[in-house]
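*Asks:* Handing you a structure now.
2 protein chains.
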Amino acid sequence: MSATLLDTRRKKILQAIVERYIETASAVSSEAVAKLFRWRVSSATIRNVMAELSEAGFIWQAHTSGGRIPTDKAYRYYIDALLDLEQLTAAERQLIESQYLGRNEVFDELLREVLRILSHFVGYTAIAFSSGLRKILFKKLEFVSVESTKLLVVLVSADGAVKTTVVQLPYQIEQEQLFKIARFLSDEFSGLTLGEVKERLAAQLLASSDSWFHLLRKTADILELIWPNFDKDELYLEGANFIFAQPEFQNSQNLQAVLRTFSEEQPLLEIMKESLEQDGVSVHIGKENPYQDIHECSLVICNFKNKNSNIGALGVIGPRRMSYSKAISTVRYVARIFSESIAGLNL
Amino acid sequence: MSATLLDTRRKKILQAIVERYIETASAVSSEAVAKLFRWRVSSATIRNVMAELSEAGFIWQAHTSGGRIPTDKAYRYYIDALLDLEQLTAAERQLIESQYLGRNEVFDELLREVLRILSHFVGYTAIAFSSGLRKILFKKLEFVSVESTKLLVVLVSADGAVKTTVVQLPYQIEQEQLFKIARFLSDEFSGLTLGEVKERLAAQLLASSDSWFHLLRKTADILELIWPNFDKDELYLEGANFIFAQPEFQNSQNLQAVLRTFSEEQPLLEIMKESLEQDGVSVHIGKENPYQDIHECSLVICNFKNKNSNIGALGVIGPRRMSYSKAISTVRYVARIFSESIAGLNL
DNA sequence: TTTAGCACTTATTTCCCGAGAGTGCTAAGG
DNA sequence: CCTTAGCACTCTCGGGAAATAAGTGCTAAA
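Just so you know, the sequences run in chain order A and B. Here the first sequence is numbered in the working numbering, starting from 1 and rising by one per residue. Here the second sequence is numbered in the working numbering, starting from 1001 and rising by one per residue.
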């Protein structure tokens, strides 16, 4: 028997096992499957097939007299080959949108709101990250002087997102100079990514004539100062409590491992970052994740974009035994409406 | 025997029980106490006293052959009457300060940093809240136009704290007008609290002549728009994982209850808000808290201030069986240095 | 190829027992 | 009157033993 190509009957049985396990969280017996098929075949026949599926690594049993439990491989096969991706129904979309007022102008809060809704709708913990501004299209920078050497820097991107930060300058700069710098930047670099802005500025700095040098120098200094504040990837997390409801996390070992990952942030960021490379939903099942602590978890992640470029990702994290069908369709839908509403931020 | 006045021996025994229970997390036997007193009295004598303490509601036992466990009343008595408040040693203060660079200019991040240190130092979850800006001394407001009807509003307080928000205006306002409004506000209201600014503006609006009316109207409109964004109480929480280490939260019922409270936010905010009214550390023991879900927890909270007025509170939340001595002295110290460093934000 | 039947394996539950911990009470001693 | 030794009593905890239940693998027949 080929490992990846299963005949129809085997597919159906595997699917039944996976879905049943997702539903009940306990091992599935041959009898249970036979019942699902309305006894059109006997449990003995199912057992024969199950033995083959075990052989092929799709299912395993915790002990000889235990029922079968899907492996990561089974989930993977289930998602890639068996799952006919249902869309959300109109009613479900309606329900989500009715909760999503989206009349918030601040990116952070909007994202948090979306996650809260997503989390409640699917019943898993929702996570997201928004990437640093390296790839953001620059429109303009403005300065508001707070105190003599303390400066509020306002960055406006081409699509109208606003981000601010406060920096302490090493020396005082006159208001006049700041105006010049701001004007210079928006005249010269509008439309480029922030990364490009930095590069070009460095290039110009080398090639500049004396009269320009001073201004360029200061501009570069300031950019260097504010750069780390703008280029941070940020993690968002809502509905951590949903993880408690899952039976696999009643065991406090497992629970602690997951919660540790939540607070460490870095692992989740790494995983979600991958989603920036491609459009659409990606699923990370159990041990496919490189982090020991979430080997009992699956993630369903989808990028979101602002106009053209991917600027972050959102999704859910739950038990391996996740309701993938609902999770995938919901995450995809939510990512889409979120993309639309941040595109709407720039009116 | 009076309920609140215990003679010296009873005090000493109660203290021994409390401290021992805090240390070991398991019921304290008469023998254990006798040993602590180096057998200067027999365990039988201790038992007699214990029976009285039980009677008076200071201790209880989970079952007949179990040792004694302090009640909330015992902790309360311990804190109010028995605990001689040790200060942190110079070395401990040194340790805290060495980690606390405090070279961050943003209030939020500074607070988070402090909580992280506090949390690690005492080994409990650290929480804080910063009150809305109602009570903040106003210095100036500045506007940065983002798009035609989208405005970034920058609020600078008298002590140099900066807060920004983005609002969508119902109609377009010219740059010139915005300048005027900004100037008007800082000329007229600088040094008042934001609450007062609002009141005065309303008063002036009623009494104003026609030529002023237009400007005032618009100012009031904008203020009304940005008000909710500035007047939010915010919860901060660091080191949630420390709660897992405590044996009382190995039971996943208890753990879930606490974590639920963490994510609900409102209960913790309510409790901490009380601390705004008074200076210094307050302790909330177990069932003293009005929220069922944290009946297994104690909180140690201290206000912090910006110049004169209390603008928030910080502290720790841990098991009832908390090391109060260390918690109280550390929370007090950390609140103080935090107050100092935000006072330093306005240089 | 399918299926009924059955022996076999293993987890789960229940019950019991003994060891251990700690108390409350009593009676004796200062 | 206070302290203490001594002891019976209560309750928990851990470890078997036994009964029960779940589910499988195999065999042999249809």
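Heads up, the beta-carbon is just placed ideally off N, CA and C, and yes, glycines get one too. Bear in mind that the values here come from a model prediction, so they are computed numbers and not experimental data.
Would you mind stating whether A/E142 and B/V1144 have Cβ atoms separated by less than 7 Å?
*Replies:* As a working mapping, residue 142 of chain A is identified with position 142 in the first sequence. As a working mapping, residue 1144 of chain B is identified with position 144 in the second sequence. Yes.
*Asks:* Between which two residues does the beta strand (DSSP E) carrying A/F304 extend?
*Replies:* As a first step, residue 304 of chain A must be located in the first sequence, where it is residue number 304. Counting along the chain, the beta strand (DSSP E) containing A/F304 begins and ends at C297 to N306.
*Asks:* So what's B/T1125 in DSSP terms, helix, strand or just coil?
*Replies:* Residue mapping note: residue 1125 of chain B aligns to position 125 of the second sequence, counting from 1. Under the three-state reduction of DSSP output, B/T1125 falls in the strand class.
*Asks:* Whole beta strand (DSSP E) runs in the region 126-179 of chain A with 3 or more residues, listed along the chain?
*Replies:* 138-147, 150-157 and 162-168
*Asks:* Does the structure place the region 121-134 of chain A close enough to the region 228-240 of chain A that three or more beta carbon pairs sit under 8 Å?
*Replies:* yes
*Asks:* So, at 8 Å on beta carbons, what are the nonlocal neighbours of A/Y303 in its own chain, with the 5 sequence-adjacent residues on each side left out?
*Replies:* Here residue 303 of chain A refers to the residue found at position 303 of the first sequence. Reading off the sequence shown, one finds Asn at residue 303 of chain A, where the question assumed Tyr. Here the set comprises S275, L276, Q278, D279, G280, N310, G312, A313 and A335.
*Asks:* So B/R1020 and B/A1034 are in contact, right, with Cβ under 8 Å, and what is the actual spacing, rounded?
*Replies:* The residue labelled residue 1020 of chain B in the question sits at position 20 within the second sequence. The residue labelled residue 1034 of chain B in the question sits at position 34 within the second sequence. Contact flag wrong, Cβ pair sits at about 12 Å.
*Asks:* For the region 152-173 of chain A, list every residue whose C-beta sits within 8 Å of some C-beta in chain B, in sequence order.
*Replies:* L152, V154, V156, G160, V162, T164, T165, V166, V167 and Q168
*Asks:* Given A/T348, which residues of its chain have a CB within under 8 Å of its CB, disregarding the five upstream and five downstream residues?
*Replies:* The first residue shown for chain A is 1 and the last is 347, placing residue 348 of chain A beyond what the model contains.
*Asks:* Are the C-beta atoms of B/F1244 and some chain A residue less than 7 Å apart?
*Replies:* Taking the second sequence and counting its residues from 1, one reaches residue 1244 of chain B at position 244. Cβ-Cβ to chain A under 7 Å: yes for B/F1244.
*Asks:* Name the DSSP bridge partner or partners of B/S1309?
*Replies:* The count along the second sequence starts at 1 and reaches residue 1309 of chain B at position 309. Answer is B/N1306.
*Asks:* Out of B/N1306, B/A1056 and B/F1179, which one is the CA nearest neighbour of B/F1338?
*Replies:* Along the second sequence, read from residue 1 onward, the residue named residue 1338 of chain B stands at position 338. It is B/N1306 whose Cα lies nearest to the Cα of B/F1338.
*Asks:* With H, G and I counted as helix, E and B as strand and the rest as coil, what does DSSP make of A/H120?
*Replies:* Counting from 1 along the first sequence, the entry for residue 120 of chain A is found at position 120. Looking at A/H120 - three-state DSSP - the assignment turns out to be helix.
*Asks:* Listing by chain order, which chain B residues have their CB less than 8 Å from the CB of A/A16?
*Replies:* Residue numbering aside, residue 16 of chain A sits at position 16 when the first sequence is read from its first letter. Within 8 Å of the CB of A/A16, no CB atom of chain B is found; the nearest one sits about 31 Å away.
*Asks:* A/S214 lies in the alpha helix (DSSP H); which residues open and close that run?
*Replies:* As a working mapping, residue 214 of chain A is identified with position 214 in the first sequence. Looking at the sequence shown, residue 214 of chain A is not Ser but His. Where A/H214 is concerned, the enclosing alpha helix (DSSP H) stretches over D210 to F230.
*Asks:* Quick check on B/Q1253 - is its C-beta less than 7 Å from some C-beta in chain A?
*Replies:* Within the second sequence, numbered from 1, the residue matching residue 1253 of chain B stands at position 253. Between B/Q1253 and chain A, the shortest Cβ-Cβ separation is not below 7 Å.
*Asks:* Hey, quick one: how far does the alpha helix (DSSP H) through B/E1031 stretch, first residue to last?
*Replies:* In the second sequence, the residue the question calls residue 1031 of chain B occupies position 31. Counted as a single uninterrupted DSSP element, the alpha helix (DSSP H) harbouring B/E1031 occupies residues S1030 to L1036.
*Asks:* A/F121 to B/L1223, Cα distance in whole Å?
*Replies:* Taking the first residue of the first sequence as position 1, residue 121 of chain A is located at position 121. Taking the first residue of the second sequence as position 1, residue 1223 of chain B is located at position 223. About 36 Å.
*Asks:* In its own chain, which residues sit with a C-beta less than 6 Å from the C-beta of B/R1332, not counting the 5 before and 5 after it?
*Replies:* Numbered from its first residue, the second sequence carries residue 1332 of chain B at position 332. Taken in chain order, the residues that qualify are V1281 and C1302.
*Asks:* Is there a Cβ of chain B sitting closer than 7 Å to that of A/N306, yes or no?
*Replies:* Sequence index remark: in the first sequence, residue 306 of chain A carries index 306 (1-based). With 7 Å as the cut-off, A/N306 does not count as an interface residue toward chain B.
*Asks:* List the endpoints of the continuous beta strand (DSSP E) containing A/I26.
*Replies:* Numbered from 1 along the first sequence, position 26 holds the residue referred to as residue 26 of chain A. The sequence as given places Ser at residue 26 of chain A; Ile does not occur at that position. Per DSSP, A/S26 belongs to no beta strand (DSSP E) and is neither H nor E.
*Asks:* Between which residues of its own chain and A/G57 is the CB-CB distance below 7 Å, once the five residues before and five after are set aside?
*Replies:* Residue numbering aside, residue 57 of chain A sits at position 57 when the first sequence is read from its first letter. The residues are T71 and K73.
*Asks:* Using the three-state DSSP reduction, which class does A/R76 fall into: helix, strand or coil?
*Replies:* For the purposes of this step, residue 76 of chain A is taken as residue 76 along the first sequence, with counting starting at 1. Three-state result, A/R76: helix.
*Asks:* Against chain B, with Cβ distances strictly below 7 Å, would A/Q177 count as a contact?
*Replies:* Numbered from its first residue, the first sequence carries residue 177 of chain A at position 177. Not an interface residue.
*Asks:* Taking just the CA atoms, how far does B/L1299 sit from B/F1213?
*Replies:* Here residue 1213 of chain B corresponds to residue number 213 of the second sequence, with the count starting at 1. Here residue 1299 of chain B corresponds to residue number 299 of the second sequence, with the count starting at 1. A direct Cα-Cα distance of roughly 50 Å separates B/F1213 from B/L1299.
*Asks:* DSSP on B/L1237, reduced to helix/strand/coil?
*Replies:* For the purposes of this step, residue 1237 of chain B is taken as residue 237 along the second sequence, with counting starting at 1. Reduced to three states, the DSSP call for B/L1237 is strand.
*Asks:* At what residues does the beta strand (DSSP E) containing B/S1190 begin and finish?
*Replies:* Mapped onto the second sequence, residue 1190 of chain B falls at position 190. For B/S1190, there is no enclosing beta strand (DSSP E), as DSSP gives it neither H nor E.
*Asks:* So with CB distances below 9 Å, who are the chain B contacts of A/A240?
*Replies:* By one-based count along the first sequence, residue 240 of chain A stands at place 240. Here the neighbours are A1240, L1259, F1262 and S1263.
*Asks:* Starting from the beta carbon of B/V1146, find every residue of chain A whose beta carbon is closer than 7 Å, and list them in chain order.
*Replies:* Here residue 1146 of chain B corresponds to residue number 146 of the second sequence, with the count starting at 1. Those within 7 Å of B/V1146 in chain A are V156, G160 and V162.
*Asks:* Buried or exposed for A/Y171, please, with buried defined as at least 16 other CB atoms from any protein chain shown within 10 angstroms of its CB.
*Replies:* As a position in the first sequence, residue 171 of chain A is number 171, starting the count at 1. Flag for A/Y171 reads exposed.
*Asks:* I need the straight-line Cα distance from B/L1205 to B/I1181, nearest angstrom please.
*Replies:* Within the second sequence, the letter at position 205 stands for residue 1205 of chain B. Within the second sequence, the letter at position 181 stands for residue 1181 of chain B. Distance between the alpha carbons of B/L1205 and B/I1181: 14 Å.
*Asks:* Considering only residues of the same chain and omitting the five flanking positions on each side of B/S1029, which have a CB-CB separation below 7 Å?
*Replies:* The residue you call residue 1029 of chain B lines up with position 29 of the second sequence. Within the same chain, B/S1029 has close Cβ partners G1067.
*Asks:* Under three-state DSSP, which class holds A/G67?
*Replies:* Position 67 of the first sequence, counted from the first residue, corresponds to residue 67 of chain A. Of the three classes helix, strand and coil, the one that applies to A/G67 here is coil, per DSSP.
*Asks:* Straight-line CA distance for B/W1227 to A/L85?
*Replies:* Numbered from its first residue, the second sequence carries residue 1227 of chain B at position 227. Numbered from its first residue, the first sequence carries residue 85 of chain A at position 85. So the alpha carbons of these two residues sit roughly 45 Å apart.
*Asks:* Is there a Cβ of chain A sitting closer than 7 Å to that of B/V1049, yes or no?
*Replies:* Counted from its first residue, the second sequence places residue 1049 of chain B at position 49. With 7 Å as the cut-off, B/V1049 does not count as an interface residue toward chain A.
*Asks:* What residue range does the beta strand (DSSP E) around B/S1282 cover?
*Replies:* Residue numbering aside, residue 1282 of chain B sits at position 282 when the second sequence is read from its first letter. Taken as a continuous stretch (DSSP letters only), the beta strand (DSSP E) holding B/S1282 covers V1281 to I1285.
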